[in-house]
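Visitor: The letter at position 41 of the sequence shown is residue 1305 when you use the numbering used here, and the numbering goes up by one with no holes.
All residues carry an ideal CB built from backbone N, CA and C; glycine is no exception.
Source: prediction; values computed, not measured.
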Amino acid sequence: MVGLSSTAFLVFNRVIGTSIFATPSTILRASGSVGLSFVLWLIGALAAACGTAVYIELGTGLPRSGGEKVYLEFMYRRPKLLATCVYAAYALLIGWSAANSSVFGEYILHAFNPAQTPSDLSKRLAGVLCITFSFIIHGTRPRWGIFLQDTLGVLKIIALGSIALSGLASLAGVPGFAIPDPPNNFEWQNFWEGSGQNGASALVMGLFTVVWSFVGYNNANYALSEVRDPVRTIKRAAPVAMSCVTIAYILANIAYFAVVPKDEILGSGRIVAALFFGKLWGVGAERIVAGIVAMSTLANVLTVLFTQGRAVIQELGREGILPFSGFFASSRPFNAPLTGLATQWLVSSSLVLTIPPGDAYLFMLNMITYPLALINAFVSAGLLFLHAPPSIRARLPWFEYDAVWNPPFRTWTPVVLLFFLSNVFLVFAPYVPPAPGFRVYENLPYWLHAVAATCVSLIGAAYWYVVWVWRPRRGGYTLVREWVREDGATRGVIKKVKLSFHDT
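#1: Can you find the residues in the same chain that come closer than 8 Å, C-beta to C-beta, to I1358, ignoring five residues on each side of it along the sequence?
#2: Counting Cβ pairs closer than 8 Å, one from the region 1311 to 1329 and one from the region 1444 to 1462, do we hit at least three?
#3: Quick one: give me the first and last residue of the alpha helix (DSSP H) that P1494 is part of.
#4: Are there 16 or more other CB atoms within 10 angstroms of the CB of K1420, so buried, or fewer, so exposed?
#5: Quick one, which of A1317, I1307, G1533 has its alpha-carbon nearest S1644's?
#6: Does the beta-carbon distance from A1538 to A1428 come in below 8 Å?
#7: Can you give me the C-alpha to C-alpha distance between D1414 and S1366, rounded to a whole angstrom?
#8: Excluding sequence positions up to five away, which residues of its chain have a Cβ less than 7 Å from the Cβ of V1761?
#9: Is G1417 near G1391, with beta carbons less than 8 Å apart?
#10: May I ask you to list the residues that DSSP assigns as paired with R1745?
#11: How do the region 1297 to 1309 and the region 1426 to 1441 stand: do at least 3 beta-carbon pairs fall below 8 Å, yes or no?
#12: Quick one: what's got a C-beta closer than 6 Å to A1512's C-beta in the same chain, skipping five residues either side?
#13: Return the residue from the list A1558, N1687, N1599 that minimises the CA-CA distance to G1281.
#14: How about L1356 and T1677: are their beta carbons less than 8 Å apart?
#15: Check for me: the alpha helix (DSSP H) holding F1472 runs from which residue to which?
#16: Inspect the CB distances between the region 1570 to 1577 and the region 1370 to 1384 and report whether three or more fall short of 8 Å.
#17: Considering only residues of the region 1319 to 1395, which uninterrupted alpha helix (DSSP H) runs meet the minimum length of 4 residues and lie entirely inside it, listed in chain order?
#18: What's the call for K1543, buried or exposed, on a 16-neighbour Cβ count within 10 Å?
#19: Who are the near neighbours of A1522 in its chain, counting only those whose CB is closer than 8 Å to its CB and skipping five residues on each side?
#20: How many Å lie between L1393 and S1655 at the Cα?
#21: Tell me, to the nearest whole angstrom, how far the beta carbon of W1305 is from that of I1535; I am working on the premise that it is less than 8 Å.
#22: Do T1473 and I1291 have their beta-carbon atoms positioned less than 8 Å apart in this structure?
#23: By a C-beta neighbour count over all protein chains shown, 10 Å radius and 16 as the cutoff for buried, is S1269 buried or exposed?
#24: State the start and end residues of the unbroken alpha helix (DSSP H) segment that holds R1574.
#25: Measure the C-alpha to C-alpha separation of R1342 and L1647 and round it to an integer number of angstroms.
#26: Express the C-alpha separation of Y1371 and A1554 in angstroms, rounding to a whole number.
#27: Specify, as a first and last residue, the run of the alpha helix (DSSP H) that Y1710 falls within.
#28: Could you check if T1324 is buried or exposed, using at least 16 other CB atoms within 10 Å of its CB as the buried criterion?
#29: Short of 8 Å in beta carbon distance, which residues of its chain neighbour G1604, apart from the five on each side in sequence? Order them along the chain.
#30: Go ahead and pull the three-state DSSP assignment for V1298.
#31: Express the C-alpha separation of F1570 and I1758 in angstroms, rounding to a whole number.
#32: Identify which residue in V1704, F1302, N1454, W1732 has its Cα closest to the Cα of L1629.
#33: Cα separation between Y1335 and Y1695?
#34: Leaving out the 5 sequence neighbours to the left and right, which residues in its chain are closer than 6 Å to S1398 when beta-carbon positions are compared?
#35: Give me the Cβ distance between Y1727 and A1353, rounded to the nearest whole Å; I'm assuming they're in contact under 8 Å.
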């Protein structure tokens, strides 16, 4: 069973992936100024705090593994299995590891040769190699994979701590950390220069990037069944972890702007962390840190791939929801979720290889963040209904829950409402055209990630209608789930039961 410290690290290690090493330049470009970029980070921290409170309440009220899937099924019981099928479509068709593997490609190639700009093809191939390695080790030797991701995760903490402390030391003029010509990013006339110059659409893209940087505050909810005293533990572990993340992010941003000029951050792409150490201690340190960040990125890819493959896709297969559920539920031949991992490998690798150069990272990041905004909007809306009196809930045909909702931890309703409104904003804001002269993507329409993610949800809804409504209605049968024991685990088998004339 997992204790308090392990649960906190489960959240901390999931949230701190590649974002703080890769996104500051994107957020600065979207905001236009150093000051406004800090405002975006603080807004993201506020949204994450609201989200943490929401998921703590749900975790204490429904203390079992599964995360959003469990909550959506509990809140939206009618039509039966619709919410589950839409969630399954996101689990299968979104390349959750694509953006981070792309960052791995950039950092590992920079570590080998900082003086040369790698080609787009080499960065793509390095990213696919990262996903492939993670797939093979988790699919054939899962214990090795878990050990490796935990070991490499330590490098992530070391790198982030080094950035924060070195930057503060440089800002304070500590001998050995001071640079000859420090930037003037924190002078008041420069701090706000360029704020909002790229329009509302750019700010929305910046918010998407910041929100993605805080993704993972609900990571413990996926494994609550494995947590010792889950109600007490999650109430303490999640706030501690997210407070540490927020402090680390703010300190790292202060460090970047204390050492690296604004224009160089804008031109750094995703390798701002390596550029930071290069400014302090030269090319040798830049190469070492680029390698460390690449390894910490690999740790995040290992973590996300394993979580999606085992905790999500394999469990959906075991419930009989997916097509060919027996295939996805199996742990053969290596006692590992090989098929779920293979699905994520295929989708993520395809995205890395096919998205046009220059747009790959931002598009893949937005393709992850937009579905999460949709899911969080429905989860928080459902929680608002749970806060409503039972007499009001009784009028909602999809709820079917008329008891008093009384979890051990209850979030203040305005906090839930703020989290709901923030996610609704993120759902609709991407359709606002960018300001003249600013392009969200170089070669893609600005709205493509929102439309693509919406299409994924429609695929899930269409699958639900065809499999669970239309075909049974035409065939005169109903679908029932029977539980069988297989591969040392219980899984659901969907069987057809012919309806009698009286039933029809």
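Guide: In short:
#1: V1611, M1631, I1632, P1635, A1717, V1720
#2: no
#3: 1494 to 1523
#4: buried
#5: A1317
#6: no
#7: 21 Å
#8: Y1741, T1742, V1744
#9: no
#10: I1758
#11: no
#12: L1424
#13: A1558
#14: no
#15: 1463 to 1477
#16: no
#17: 1332 to 1339, 1346 to 1357, 1362 to 1376
#18: buried
#19: G1431, L1432, S1434, L1435, P1446, P1447, N1449, F1450
#20: 55 Å
#21: 19 Å between Cβ atoms; not a contact.
#22: yes
#23: exposed
#24: Premise fails: R1574 is in no alpha helix (DSSP H) and is neither H nor E.
#25: 16 Å
#26: 5 Å
#27: No alpha helix (DSSP H) contains Y1710, which DSSP labels as neither H nor E.
#28: buried
#29: Q1572, G1573, R1574, V1576, I1577, Q1578, G1581, F1592
#30: helix
#31: 26 Å
#32: V1704
#33: 28 Å
#34: V1565, L1566, L1569
#35: 7 Å
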